[in-house]
Amino acid sequence: MNISLSEHFTYPKLLRFTLPSMGMLLFTSIYSVVDGFFVSNYVGKTPFAALNIIFPFVMILGSLGFMLGTGGSALVAKTLGEGNPKRANSIFSMLVYVGLGLSAMLAAVGLPLLPKISVMLGADSSMVDYCVEYGAILLIALPAFMLQNMFQALLVTAGKPELGLKVTVAAGVTNAVLDWLFMAVFEWGLVGAALATAVGQVVGGVLPLVYFAMPNGSNLRLGSARLDLRALARVSLNGSSELVTNVSMSFVTILYNLQLMRFLGEDGVAAYGVVMYINFFFIALFLGYSMGVSPVVSYHYGAANRSELHNLFRKSIVILMTSAVAMVAAAELSAGWLSRLFVGYDEGLTQLTRHAFAIYSISFIFAPIGIFGSAFFTALNNGVISALLSFGRMFLFQAATILLLPRLMGVEGIWWAIVVAEALSVVLTLLLFSANRRRYGY
1 MNISLSEHFT
11 YPKLLRFTLP
21 SMGMLLFTSI
31 YSVVDGFFVS
41 NYVGKTPFAA
51 LNIIFPFVMI
61 LGSLGFMLGT
71 GGSALVAKTL
81 GEGNPKRANS
91 IFSMLVYVGL
101 GLSAMLAAVG
111 LPLLPKISVM
121 LGADSSMVDY
131 CVEYGAILLI
141 ALPAFMLQNM
151 FQALLVTAGK
161 PELGLKVTVA
171 AGVTNAVLDW
181 LFMAVFEWGL
191 VGAALATAVG
201 QVVGGVLPLV
211 YFAMPNGSNL
221 RLGSARLDLR
231 ALARVSLNGS
241 SELVTNVSMS
251 FVTILYNLQL
261 MRFLGEDGVA
271 AYGVVMYINF
281 FFIALFLGYS
291 MGVSPVVSYH
301 YGAANRSELH
311 NLFRKSIVIL
321 MTSAVAMVAA
331 AELSAGWLSR
341 LFVGYDEGLT
351 QLTRHAFAIY
361 SISFIFAPIG
371 IFGSAFFTAL
381 NNGVISALLS
391 FGRMFLFQAA
401 TILLLPRLMG
411 VEGIWWAIVV
421 AEALSVVLTL
431 LLFSANRRRY
441 GY
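Just so we're aligned, residue 1 is where the sequence shown starts under our numbering, counting upward by one.
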C-alpha cells in the first residue's frame with residue numbers, strides 16, 4: 001500500500017512508512033558487519049586493525065553525500081509541500097551533479113596522500129601498506145559511495161522508500177557474496193575486501209542514478225539544472241548536522257584508535273572495530289527511523305500542519321524509546337557470541353571485545369533521542385539547531401569523554417566514554433526540544 005506524505009500517520013502507518021528506511025540502514029550495517037567478519041577471520045587481526053584505522057578517513061569524505069542527501073531531502077520535500085514540483089526537481093538534479101563532481105575532486109586529492117594520512121591516524125609500520133591498499137580502492141569508488149549516501153534520503157523524498165530498500169539489499173548482497181568469493185575462495189586478502197565494498201557501492205549508487213535519469217513514477221526525475229548557490233547553501237547548512245555527525249563520528253573513531261593503540265595496542269583497535277561493526281547494526285534502526293520520518297515532518301512543516309507535527313513527534317518518541325529498551329536487552333544477551341563470531345580465533349581478544357561491547361551497549365538507551373533530535377530539526381529546515389545537536393552528541397561530548405575518562409579510569413574509561421556522552425546528549429536535546437516547542441508547534 002502506498003502512503004502519501006500528506007496523510008495522517010497512525011502508529012502502524014508510521015512504522016510501515018519508515019520500515020524501508022530502517023531496512024536500508026539495517027542492510028547497509030549488515031554488509032559492513034560481513035566485511036569485518038571476513039577480514040578478521042580470513043585475513044587476520046593486523047589487516048583488520050588497519051582497515052579500522054583508514055576507514056574513518058574515507059567516511060569523512062563520503063559524509064558530504066549525507067549532507068547533500070539529508071539537507072537536500074528536507075528542502076526538496078518542503079518545496080513539494082509548497083506545491084512547486086518543477087523547482088524541487090531542479091534542486092534535486094543540481095545536488096546529484098554537485099555530488100558527483102565534488103567526490104571526483106576529493107578522490108584525486110586524497111589518493112597521493114594516503115601513506116601520510118595512515119601514519120597520522122595511528123597506523124604503525126605493520127599497518128601502513130594495508131591502509132594504503134584498502135583506502136586507494138575505496139577512494140576510486142568514492143563517487144559511487146557519495147551517490148549511495150545521497151540517495152538513501154532522496155529516494156524516501158521521491159516517495160520510493162521501497163526502491164531504496166531493494167537497492168540497498170542488492171548492494172549489500174553483492175558486497176557479501178564478493179567478500180566470500182574474493183577472500184575465502186580467491187584469497188585476495190584485504191584487496192578483495194576493498195573490491196567487494198567498492199562494487200557494492202557502485203550498485204548502491206548507480207542503480208538509483210539510472211532510475212532517476214529515466215521516466216519513472218516517483219516525485220523526482222534527474223534532468224537539466226543550473227547551479228543555484230542559494231539553494232546549495234541552504235542544503236549545506238541544513239544538512240550540516242549530518243555532515244557534523246558523520247565527520248565527528250569518524251574523528252572520534254580516530255581518537256578511540258589513538259587511545260587504544262596507547263593503552264592496548266593492536267588488540268585494542270581490533271576489539272573496538274568489532275564493537276563498532278556490531279554497533280552499526282543496532283544503531284541502524286534508530287538512524288533509519290529518523291531518516292524515514294524526516295520527509296513527512298518536512299512536508300507537514302511546509303504545509304503548516306502543526307497538529308500533524310505534534311502527532312509525528314509524540315509517536316516517534318514512544319516508538320524510539322520502546323525500541324531502545326529492547327535493544328539494550330538484546331545487545332547484553334548477544335555480546336558473547338557476537339564477539340566470538342568476529343575474533344573467536346583469539347581467546348584474549350574475544351574476552352576483551354565481549355567486555356567492551358557489554359559496556360558500550362548501555363549507550364543504546366540514550367542514543368535514539370539524540371539521533372532523532374538532530375534529524376527532526378533538519379526536517380524542520382533548522383540546520384543550526386540540528387548541527388548543534390550533532391556537534392554536541394558526536395564530537396564535543398564524545399571527544400571530551402574519550403580524552404578525560406581514561407585519565408580517571410584507565411582503559412575502562414575508553415569503554416564508558418560513549419555512555420556518558422550519549423547521556424549528556426539527551427540533556428541537550430531535551431532542552432532544545434523544550435525551547436522550540438512553541439515556535440514549531442510539535
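Just so you know, even glycine gets a beta-carbon here, dropped at the ideal spot from N, CA and C.
Tell me the DSSP secondary structure of residue i in three-state form.
| i | result |
| --- | --- |
| S374 | helix |
| R407 | helix |
| M214 | coil |
| W180 | helix |
| A446 | Only positions 1 to 442 of the chain appear in this structure, which leaves residue 446 out of reach. |
| A399 | helix |
| D35 | helix |
| I30 | helix |
| I3 | coil |
| V252 | helix |
| E242 | helix |
| S125 | coil |
| G119 | Looking at the sequence provided, one finds Val at residue 119 rather than Gly. Reduced to three states, the DSSP call for V119 is helix. |
| E82 | coil |
| F458 | The chain is shown only over 1 to 442; residue 458 falls outside these bounds and no answer can be derived. |
| L155 | helix |
| F364 | helix |
Cβ atoms of residue j and residue i: under 8 Å apart, would you say?
| i | j | result |
| --- | --- | --- |
| L312 | F55 | no |
| L75 | N238 | yes |
| N257 | G81 | no |
| T28 | T378 | no |
| L5 | V296 | yes |
| L285 | S323 | yes |
| Q398 | A423 | no |
| A158 | S218 | yes |
| L432 | I385 | yes |
| S240 | A421 | no |
| F38 | M127 | no |
| Y440 | N381 | no |
| G448 | P161 | Residue 448 is absent from the structure shown; the chain starts at 1 and stops at 442. |
| G205 | F151 | yes |
Starting from residue i, follow the alpha helix (DSSP H) in both directions and report where the run begins and ends.
| i | result |
| --- | --- |
| E266 | E266 to G302 |
| D129 | V128 to I140 |
| W415 | V411 to Y440 |
| I319 | R306 to V343 |
| R354 | E347 to Y360 |
| S386 | G383 to S390 |
| I447 | This structure cannot speak to residue 447, because the chain is shown only from 1 to 442. |
| T10 | Per DSSP, T10 belongs to no alpha helix (DSSP H) and is neither H nor E. |
Quick test of your reading: residue i and residue j, contact by CB under 8 Å. State the CB separation rounded to the nearest angstrom.
| i | j | result |
| --- | --- | --- |
| S298 | I371 | Not a contact, Cβ separation roughly 17 Å. |
| I30 | F251 | At roughly 25 Å, the Cβ-Cβ gap does not stay under 8 Å, so I30 and F251 are not in contact. |
| L51 | L190 | 7 Å |
| G288 | L154 | At roughly 15 Å, the Cβ-Cβ gap does not stay under 8 Å, so G288 and L154 are not in contact. |
| Y277 | V33 | 5 Å |
| L181 | M67 | Actually they do not touch by this definition, with Cβ atoms about 34 Å apart. |
| N246 | M120 | That pair is no contact at about 19 Å. |
| D517 | T197 | The chain is shown from 1 up to 442; residue 517 falls before or after that span and cannot be answered. |
| I369 | V426 | 5 Å |
| L488 | T353 | There is simply no residue 488 to check, as the chain begins at 1 and stops at 442 in what is shown. |
Could you tell me whether any non-hydrogen atom of the ligand MG is closer than 7 Å to the CB of residue i?
| i | result |
| --- | --- |
| E332 | No copy of the ligand MG appears in this structure; indeed no ligand is present at all. |
Exercise. Check whether the region 263-283 touches the region 30-49, taking contact to mean three or more Cβ pairs, one atom from each stretch, closer than 8 Å.
Key: Touching, per the Cβ criterion.
Quiz item: Counting Cβ pairs closer than 8 Å, one from the region 20-37 and one from the region 103-121, do we hit at least three?
Solution: By the Cβ criterion, the region 20-37 is not in contact with the region 103-121, since fewer than three pairs of Cβ atoms, one from each stretch, lie closer than 8 Å.
Quiz item: Three or more beta-carbon pairs under 8 Å between the region 316-323 and the region 81-98, yes or no?
Solution: The region 316-323, when compared against the region 81-98, does not touch it at the 8 Å Cβ threshold.
Self-check item: Stretch-stretch touch, CB-based, cutoff 8 Å, three pairs: the region 342-351 with the region 392-406
Solution: Touching, no, given that fewer than three Cβ pairs across the two stretches are closer than 8 Å.
Quiz prompt | Three or more C-beta pairs below 8 Å linking the region 163-179 and the region 227-234 | solution = Too few Cβ pairs lie closer than 8 Å, so no.
Quiz item: For the region 142-153 against the region 200-209, are there 3 or more C-beta pairs whose distance is under 8 Å?
Solution: Between the region 142-153 and the region 200-209, the count of Cβ pairs shorter than 8 Å is three or higher; the stretches touch.
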